[in-house]
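Here the structure comes first, spelled out in structure tokens, and everything after it is commentary.
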Amino acid sequence: IMSGFCYSCLVGLVLVLGLDLRAEMTLSSKRIRMILGFMAFNVIGCIFLRLSLSTHNSPQKIQIPTRFWQKPSLSGTFWNQQQQRLDFIHNPNFNTILASPSELPDWVQRQIADYNLLPKHFQDFLLYSDCTSYPMLINQPTICEDAPFLLLVVKTLVPHFERRQAIRETWGQVGVVANRTVTTVFLLGSAMPEDNHPNLTDLLKYEAEMHRDILQWDYRDTFFNLTLKDILFLDWYSSFCPNSQFVLKGDDDVFVNTPQIIEFLDRLLPHKIPDLFTGDVITNAGPHRDKKLKYFVPESYFVGSYPPYAGGGGVLYSGQVALKLQEVSKKVVIYPIDDVYTGMCLKKLGLVPEKHSGFRMFDIEAKYKDNPCIYRTLMIVHSRTPQQIKHIWRWIVHPELHCQ
Ligand SMILES: *[C@@H]1O[C@H](CO)[C@@H](O)[C@H](O)[C@H]1NC(C)=O
Ligand SMILES: *[C@@H]1O[C@H](CO)[C@@H](O)[C@H](O)[C@H]1NC(C)=O
Ligand SMILES: *[C@@H]1O[C@H](CO)[C@@H](O)[C@H](O)[C@H]1NC(C)=O
Numbered sequence: 017i018m019s020g021f022c023y024s025c026l027v028g029l030v031l032v033l034g035l036d037l038r039a040e041m042t043l044s045s046k047r048i049r050m051i052l053g054f055m056a057f058n059v060i061g062c063i064f065l066r067l068s069l070s071t072h073n074s075p076q077k078i079q080i081p082t083r084f085w086q087k088p089s090l091s092g093t094f095w096n097q098q099q100q101r102l103d104f105i106h107n108p109n110f111n112t113i114l115a116s117p118s119e120l121p122d123w124v125q126r127q128i129a130d131y132n133l134l135p136k137h138f139q140d141f142l143l144y145s146d147c148t149s150y151p152m153l154i155n156q157p158t159i160c161e162d163a164p165f166l167l168l169v170v171k172t173l174v175p176h177f178e179r180r181q182a183i184r185e186t187w188g189q190v191g192v193v194a195n196r197t198v199t200t201v202f203l204l205g206s207a208m209p210e211d212n213h214p215n216l217t218d219l220l221k222y223e224a225e226m227h228r229d230i231l232q233w234d235y236r237d238t239f240f241n242l243t244l245k246d247i248l249f250l251d252w253y254s255s256f257c258p259n260s261q262f263v264l265k266g267d268d269d270v271f272v273n274t275p276q277i278i279e280f281l282d283r284l285l286p287h288k289i290p291d292l293f294t295g296d297v298i299t300n301a302g303p304h305r306d307k308k309l310k311y312f313v314p315e316s317y318f319v320g321s322y323p324p325y326a327g328g329g330g331v332l333y334s335g336q337v338a339l340k341l342q343e344v345s346k347k348v349v350i351y352p353i354d355d356v357y358t359g360m361c362l363k364k365l366g367l368v369p370e371k372h373s374g375f376r377m378f379d380i381e382a383k384y385k386d387n388p389c390i391y392r393t394l395m396i397v398h399s400r401t402p403q404q405i406k407h408i409w410r411w412i413v414h415p416e417l418h419c420q
């Protein structure tokens, strides 16, 4: 823009000079000197402008990572330090210099001062937080051969046979729904004897052979390993189902109005799809510091507030977002609470989860719970028993029920 302006300035000046010449034929030498001086000033100004612009905008410009030349202001907490370490490794200016994390400066210290005072499940989480890859025990490698429009992904535990069956018979029915192909998979880890689970290995094997919708990995399935389940799923997704258009991920105790979800997706504007991530979004939250709470996270592990995140009971995103999440998950330090972790990954991607009023992770008002028409407009409700799920599903598909 600036150089164009400069050239037009010059052309204008030449024209003025030309007109002057024609009009008067002769010019006083004083006047010529004045015009020449003005032109010279203009040319120098243009050159200066171009130079200063090119040093600002040129694509070849070398980014000087001022952040890392300065002494980094170090966080004293584990997660925050680890994230600084990962940011360091993945900094495009450094990854050629630093071949491996072991070459990192010693300002990265892996110390948790109060480790021995932490609850056992948090210690377990810490000990294994570096390991995010486990072998699969049961896979369905061809389940997405015909790329589904909507992939329904259900987080469940080995003993929850009844919940899975209710889902298969209702909102998780595979095949064509509302003229769109739907596929369902269940995500499981292992039910360990140390958590006092009975051995249901053979029953699960039978279920997997019968329904071909079970994905199981060889890790201990606990609350604080839910983020691990999420990461393992994203890795699986990018290998075995990367062409599905949308993903709905939910718990096994939610009711999902699948036809309503498909209608929502059908109406979605095309430009919304690449960044689609929607659910019951929670903002301005932070870690719980009460040791007795399920969600407790110690100060020595994480400080700061949480980015906006969608409650993990049910979220809807596009296949493109799933692939982006899979990639960025390698650059975000694991966090024991899975929905918060997904929020952190979205933040790293520069995405913001969008709140949708049809996602009811904290249920609906008690007086509406038995109103069939309410469920026709909702997308997801938490929580419902298998019997309630079957009951509500009949309301959804009931052809004689007319709602305004
Ligand atoms: C069903 O979907 C296909 C493409 O997936 C489309 O061509 C067709 O028009 C749809 N039919 C109806 C009745 O919406
Ligand atoms: C559970 O049962 C299966 C077969 O019945 C057996 O192979 C497996 O070792 C058992 N697992 C444990 C942890 O005992
Ligand atoms: C997560 O899974 C790993 C692998 O099975 C296990 O060693 C670890 O204790 C689990 N973490 C939690 C918090 O249960």
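For any residue, its number in the numbering used here is found by taking its place in the sequence shown, counting from 1, and adding 16. Beta carbons: idealized from backbone N, C-alpha and C, even for Gly.
Alpha carbon to alpha carbon, how far is residue i from residue j?
i      : j      : result
Tyr317 : Cys419 : 50 Å
Asn111 : Pro209 : Since pLDDT at Asn111 reaches only 48, below the 50 mark, its modelled position is unreliable, and no value is offered.
Gly335 : Ile247 : 15 Å
Ile277 : Leu394 : 9 Å
Val411 : Val348 : For the record, residue 411 in the displayed sequence is Trp; it is not Val. Roughly 42 Å between the two C-alpha positions.
His227 : Val170 : 14 Å
Glu185 : Asp296 : 25 Å
Cys389 : Tyr131 : 51 Å
Asp291 : Met377 : 22 Å
Leu367 : Glu225 : 39 Å
Thr197 : Ile408 : 22 Å
Thr358 : Ser321 : 14 Å
Ser373 : Gly266 : 16 Å
Ile353 : Ser91  : 21 Å
Leu204 : Lys245 : 8 Å
Tyr235 : Gln97  : 26 Å
Gln139 : Phe165 : 40 Å
Asp355 : Ile60  : 58 Å
Asp306 : Pro314 : 9 Å
Tyr311 : His137 : 11 Å
Is any non-hydrogen atom of ligand 4 found closer than 6 Å to the C-beta of residue i, if you look at the structure I gave you?
i      : result
Asn241 : Ligand 4 is not part of this structure, which contains only ligand 1, ligand 2 and ligand 3.
Using a threshold of 6 Å, is the CB atom of residue i nearer than that to any non-hydrogen atom of ligand 2?
i      : result
Asp291 : no
Asp218 : yes
Pro151 : no
Pro175 : no
Asn215 : yes
Pro286 : no
Leu369 : Looking at the sequence provided, one finds Pro at residue 369 rather than Leu. Checking the Cβ of Pro369 against ligand 2 gives no.
Pro314 : no
State yes or no: is the C-beta of residue i within less than 7 Å of the C-beta of residue j?
i      : j      : result
Gln342 : Leu231 : no
Val263 : Tyr325 : no
Ala229 : Val201 : In the sequence as presented, Ala is not what sits at residue 229; that position holds Asp. Yes, Cβ-Cβ distance for Asp229 and Val201 is below 7 Å.
Thr172 : Asp268 : yes
Cys160 : Cys257 : yes
Pro369 : Phe293 : yes
Asp237 : Ser260 : no
Ile405 : Ala182 : yes
Met423 : Trp95  : No answer is possible for residue 423: the residues shown for the chain start at 17 and end at 420.
Leu365 : Lys340 : yes
Thr243 : Ile128 : no
Gly329 : His398 : yes
Leu174 : Leu143 : A quick correction: the sequence has Val, not Leu, at residue 174. Contact: no.
Phe429 : Phe141 : Because residue 429 is not part of the residues shown, which for the chain are 17 to 420, the question remains open.
Glu223 : Pro402 : no
Thr158 : Val319 : no
Tyr253 : Ala382 : no
Met360 : Pro415 : no
If I follow the unbroken beta strand (DSSP E) through residue i, where does it start and stop?
i      : result
Tyr322 : Unbroken run through Tyr322: none, as it is neither H nor E.
Ile298 : 293–298
Leu264 : 262–267
Phe378 : Run containing Phe378: none; DSSP gives neither H nor E here.
Would you mind reading off the limits of the alpha helix (DSSP H) that contains residue i?
i      : result
Val356 : 354–365
Gly335 : 335–344
His398 : Unbroken run through His398 is the beta strand (DSSP E), 396–398; no alpha helix (DSSP H).
Val368 : Segment: none, Val368 is in no alpha helix (DSSP H) and carries neither H nor E.
Val413 : 402–413
Phe271 : Unbroken run through Phe271 is the beta strand (DSSP E), 270–272; no alpha helix (DSSP H).
Leu102 : 94–105
Tyr391 : 388–393
Thr243 : 242–256
Is the closest heavy atom of ligand 3 to the C-beta of residue i under 6 Å?
i      : result
Asp296 : no
Tyr144 : yes
Tyr235 : yes
Asp140 : yes
Thr148 : no
His137 : yes
Quick check on residue i - is its C-beta less than 7 Å from some C-beta in chain B?
i      : result
Ser399 : Looking for chain B here will not work: only one protein chain is present.
Just to confirm the assignment: which complete alpha helix (DSSP H) runs, minimum length 4, are found wholly within the segment 119–170? Listed in chain order, they are 136–144.
Starting from the N-terminal side, write out each stretch of the alpha helix (DSSP H) that is 4 residues or longer and does not extend beyond the segment 177–235. With a minimum length of 4 residues, the continuous alpha helix (DSSP H) runs that stay inside the segment 177–235 are 177–185, 217–227.
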